Amino acid sequence: MRGGAAAGAPTAPGGAAQAAPCGRSGGARRAMMDAWLTSTRRDDRLLIEAGGRWTLAALAELDRRRAQLLAGAPGRGRASIDLQAIQRLDTAGAWLLDRMAHDLGREGWQVEWSGAHDAHAALLAEIRRLPPEPLPPAPAVNPLARLLANLGRSTLAALAEGARLLSFYGQTVAVLARVALQPRRLRLTSLTHHLEQTCVNALPIVGLIAFLIGIVLAYQGADQLRRFGAEIFAIDLLAISALREIGILLTAVVVAGRSGSAFTAQIGMMKVNQEIDALRTLGLDPLEVLVLPRLLALMIALPLLAFFADIMALFGGGLMCVFVLDISPDQYIDRLSAAIWPRTFWVGIVKAPVFAFLIAMVACYEGLTVEGSAESVGRKTTLSVVVAIFLVIVFDAIFSIVFSALGI
Amino acid sequence: MSGANEATAVRVRGLRTRFGPQVIHDGLDLEVRAGEVFGIVGGSGAGKSVLLRHVLGLLRPERGEIEVLGQEIARLSERERYDLQARQGVLFQDGALFSSLTVAENIQTPLRERLLLSPELLQQLTRLKLDLVGLAHDACHKYPAELSGGMRKRAGLARALALDPEILFLDEPTAGLDPIGAAAFDRLIGGLKRSLGLTVVMVTHDLDSLAAICDRVAALVDKSAVVGTLEELRNLEHPWLRAYFDGPRGRGALAAAGG
């Protein structure tokens, strides 16, 4: 449609200006056909006539016409600009006229105006009053220097962030101790609310994921072990990996994505709305009111969820064994009780409160460091989930090393 | 291009709004003439902002007709609505600047969206808008979160003016500003209206603004609108209007304006 408009535009006497339309505005298309800028030279007099709709829609083309006109008008003398034929003038058009006059003046022309309507003259006077200096350029830097500076800055920021996170942990533990001494300070309503949100409401998704992973583990294990005729040991594989690692790790990742992000966004929005400041001025400690209930709720919820995930994984794997791998339920139960010890279960579940602590701490910390804008809430929420999952996996590795050193 | 009546910028007829069981407007009529500054006042919950959202086409009324610049907005096609939107500018209460963009980028957003302009022209137009609203040039590379409330409003106004609209809608333009800032903002609006020939529709609580720059005022009372000059409204015997204008603040503002 842009090409069509360009081809079909009639040429007004003296060269019609034609705007570059974006292809959407019918108003713009009409406007561009009837805005023009013409000039005639008579000895040392330059007669310039501007007419039509000098609006934003025609600006790009009028600006090109202005540049042509200036290029074709070297010399000095008197230039008169006739505005009689202008039908509509907006700030963009007025700015262009003013700029043209300014440029002509610099070339050595003495500029005079004529024929302007009152409203147009007032607008021109208003525009002329504005300071002419250009905008300051956006601060530009050498890309390599910027890369290095960014690297350095983010390294320092990460270190400082680590230190602050550590101090936040310390503060929280101090608050935890205070509340342990004065249990009345514990906000039970808030705690149960968060328990419902993070534990009860997470049951379906955690259960479903664990169930499916149980199926996958049993099937893949049996598939590989069949070659050795050791299909039955798929149950060992399923039980040990689900109880020791997969159940808790998957649950922690789901909870970090589900509840960790929610904590960060909730606290972050409260920060943006100055609710955190309001709490402080009321003499309430945000750590005690906001962070502690979430932390405790998650530390209670995650072991329970991990237990549920374990059961669902064993259930999913069991169904797979019974219906696909032709292992009878009795055989499955027998093999299961031979493969696992209570210890197998505890090794997995003992990690849950630690992971919960990490997730809740990171989420609340990131929420409290939100500043100012909606964008910041989004960034911190992403960061919270990424950091929480990262820390969970790091600590899982540490647990593995410790357990193997202890021979568990 | 223009409607039957060039002199009417906004016309609302028989507007009825309901949220659940609660009726906000019922049979509301008003007319804004081209080139005037039109104030909309009313108590909290009287539906000032809702009325504005109707006129902007953000809310659909249950019943009634709304015309803006001679076009009935409920009957517009996508394309006609898009064209109409270029002819109206809106300043939301706290500026509603896009927080991930700098001030300059905020102002350039509507320009980039609708026109193909060279970077140089974009820069110049941005400068022009900043100057028009009296914002210092060094603010242009700042993000909205780095600006004060007054500066955010001015930046929001610059964005509203980016496409040189014919009508400017303002939602509580002076709320949250100190009295000096509010008076300066009033002067700015008045000056822009004169120099750019704008029609201005403003929702406000601010009696000083009403007295200083509004040509006519609509008071939203009893689910409908009473329209008139400030002088006319002051002489009406409606309890809410009496309380509004005869309260200590009302009298102070009107006295200051020489009313």
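Quick note, the sequences are listed as chains A and B, same order.
Okay, so the first sequence: first residue is 1 according to the numbering used here, each after it adds one.
Okay, so the second sequence: first residue is 1001 according to the numbering used here, each after it adds one.
All residues carry an ideal CB built from backbone N, CA and C; glycine is no exception.
Predicted model only: the values in this text are computed from it and were never measured.
*Note down, in chain order, every chain A residue with its Cβ under 7 angstroms from the Cβ of S1099(B).*
Translated into the one-based positions of the second sequence, residue 1099(B) becomes position 99. Within chain A, the residues near S1099(B) are S373, A374 and E375.
*Bridge partners of M1202(B), per DSSP?*
For the purposes of this step, residue 1202(B) is taken as residue 202 along the second sequence, with counting starting at 1. For M1202(B), which the question treats as bridged, DSSP gives the partners G1039(B) and L1170(B).
*Looking at the C-beta of D1131(B), does it have a partner C-beta in chain A at a distance below 9 angstroms?*
Here residue 1131(B) refers to the residue found at position 131 of the second sequence. At least one chain A Cβ lies under 9 angstroms of D1131(B).
*Residue interval of the alpha helix (DSSP H) (run including Q331(A))*: If you number the first sequence from 1, residue 331(A) lands on position 331. Its alpha helix (DSSP H) spans residues P329 to A339.
*Would you report the Cα separation of D1215(B) and L1170(B), rounded to the nearest angstrom?*
As a position in the second sequence, residue 1215(B) is number 215, starting the count at 1. As a position in the second sequence, residue 1170(B) is number 170, starting the count at 1. C-alpha separation (whole angstroms): 15 angstroms.
_Cβ-Cβ separation, T1008(B) to R1033(B) (assumed contact under 8 angstroms), whole Å_ = Indexing the second sequence from 1 puts residue 1033(B) at position 33. Indexing the second sequence from 1 puts residue 1008(B) at position 8. The pair is a contact, with the Cβ atoms about 6 angstroms apart (cut-off 8 angstroms).
*asked:* With a threshold of 9 angstroms between beta carbons, is L1264(B) in contact with chain A?
replied: This structure does not reach residue 1264(B), given that chain B is present from 1001 up to 1259, and the question cannot be answered.
*Which residues in the same chain have their Cβ closer than 6 angstroms to the Cβ of K380(A), if we skip the five residues on either side of it in sequence?*
To locate residue 380(A), count along the first sequence from 1; it is residue 380. Excluding residues within five positions, the ones whose Cβ falls inside 6 angstroms are T264, G268, E366 and V370.
*Starting from the beta carbon of L97(A), find every residue of chain B whose beta carbon is closer than 7 angstroms, and list them in chain order.*
As a first step, residue 97(A) must be located in the first sequence, where it is residue number 97. Here the premise fails: no neighbours, minimum Cβ distance about 12 angstroms.
*Got a sec, what are the start and stop residues for the alpha helix (DSSP H) A388(A) sits in?*
In the first sequence, the residue the question calls residue 388(A) occupies position 388. Counting along the chain, the alpha helix (DSSP H) containing A388(A) begins and ends at A374 to L406.
_Any beta carbon of chain B sitting closer than 9 angstroms to that of A278(A)?_
As a first step, residue 278(A) is located in the first sequence; it is residue number 278 there, counting from the start. By this cut-off, A278(A) is not an interface position.
*For W346(A), count neighbouring Cβ atoms within 10 angstroms of its own Cβ and tell me buried if that reaches 16, exposed if not.*
Taking the first residue of the first sequence as 1, we reach residue 346(A) at position 346. With fewer than 16 Cβ atoms within 10 Å of its Cβ, W346(A) is classed as exposed.
_Residue nearest to D310(A) in terms of C-alpha spacing, selected from A149(A), P137(A) and R244(A)_ = Looking up residue 310(A) in the first sequence gives position 310. Answer by Cα proximity: R244(A).
*asked:* Against chain B, which members of the stretch 127–143 of chain A pass a CB distance test of less than 8 angstroms?
replied: I127, L130, P131, E133, P134, L135, P136, A138 and P139
*Would you mind stating whether L946(B) and G1043(B) have Cβ atoms separated by less than 9 angstroms?*
Residue 946(B) lies beyond the stretch modelled for chain B, which goes from 1001 to 1259, so this question has no answer here.
_So for L1030(B), helix, strand or coil by DSSP?_
Walking along the second sequence from the start, residue 1030(B) turns up at place 30. Strand, per DSSP.
_Any chain B beta carbon closer than 9 angstroms to D103(A)_ = Position 103 of the first sequence, counted from the start, is the residue given in the question as residue 103(A). False, the Cβ-Cβ gap to chain B never drops below 9 angstroms.
*If we cut at 9 angstroms on Cβ distances, does T409(A) have a partner in chain B?*
The structure shown has nothing for residue 409(A), since chain A only spans 1 to 408.
*Kindly indicate which three-state DSSP category S1044(B) falls into: helix, strand or coil?*
Working through the second sequence from its first residue, we reach residue 1044(B) at position 44. Looking at S1044(B) - three-state DSSP - the assignment turns out to be coil, as it is neither helix nor strand.
*Just the chain A side, please: which residues come within less than 8 angstroms of R1063(B) by C-beta, in chain order?*
Taking the second sequence and counting its residues from 1, the one referred to as residue 1063(B) is at position 63. Chain A residues near R1063(B): none, gap ~30 angstroms exceeds 8 angstroms.
*chain A partners of L1125(B), CB-CB under 9 angstroms?*
What you label residue 1125(B) is simply residue 125 of the second sequence in a count that begins at 1. Ordered by position in chain A, the residues that pass the 9 angstroms Cβ test against L1125(B) are L56, L59, T91, A92 and W95.
*asked:* Please report the distance separating the alpha-carbon of L391(A) from that of A352(A).
replied: Here residue 391(A) is taken as the residue at index 391 of the first sequence, counted from 1. Here residue 352(A) is taken as the residue at index 352 of the first sequence, counted from 1. Cα to Cα, L391(A) sits roughly 13 angstroms from A352(A).
*Can you find a C-beta in chain A that's less than 9 angstroms from the C-beta of D1164(B)?*
By one-based count along the second sequence, residue 1164(B) stands at place 164. Cβ-Cβ to chain A under 9 angstroms: yes for D1164(B).
*Got a sec: is the Cβ-Cβ distance from G26(A) to anything in chain B below 9 angstroms?*
Residue numbering aside, residue 26(A) sits at position 26 when the first sequence is read from its first letter. Confidence at G26(A) is low in this model, with a pLDDT of 42, below 50, so the placement of that residue should be treated as unreliable; the coordinate-derived value is given next. By this cut-off, G26(A) is an interface position.
*From the DSSP output, in three-state form, read off H1025(B) for me.*
Along the second sequence, one-based indexing puts residue 1025(B) at 25. Strand, per DSSP.
_Cross-chain neighbours of S1145(B) in chain A, by beta carbon under 8 angstroms_ = Looking up residue 1145(B) in the second sequence gives position 145. The question names Ser, but residue 1145(B) is Ala in the sequence shown. Within chain A, the residues near A1145(B) are E371, G372, S373 and S376.
*asked:* Suppose contacts are defined by Cβ-Cβ distances below 9 angstroms. Is L1163(B) in contact with A1255(B) by that definition?
replied: Taking the second sequence and counting its residues from 1, one reaches residue 1163(B) at position 163. Taking the second sequence and counting its residues from 1, one reaches residue 1255(B) at position 255. No; because the gap between Cβ atoms is not below 9 angstroms, this pair is not in contact.
*Taking 8 angstroms as the threshold, find out whether the stretch 1178–1185 of chain B comes into contact with the stretch 93–106 of chain A through three or more Cβ pairs.*
no
*In angstroms, rounded to a whole number, what distance separates the CA positions of G4(A) and T155(A)?*
Walking along the first sequence from the start, residue 4(A) turns up at place 4. Walking along the first sequence from the start, residue 155(A) turns up at place 155. Bear in mind that a pLDDT of 38 at G4(A), under 50, signals an unreliable position, so the number given afterwards is only what the model happens to contain. Rounded to whole angstroms, G4(A) to T155(A) spans 55 angstroms at the Cα level.
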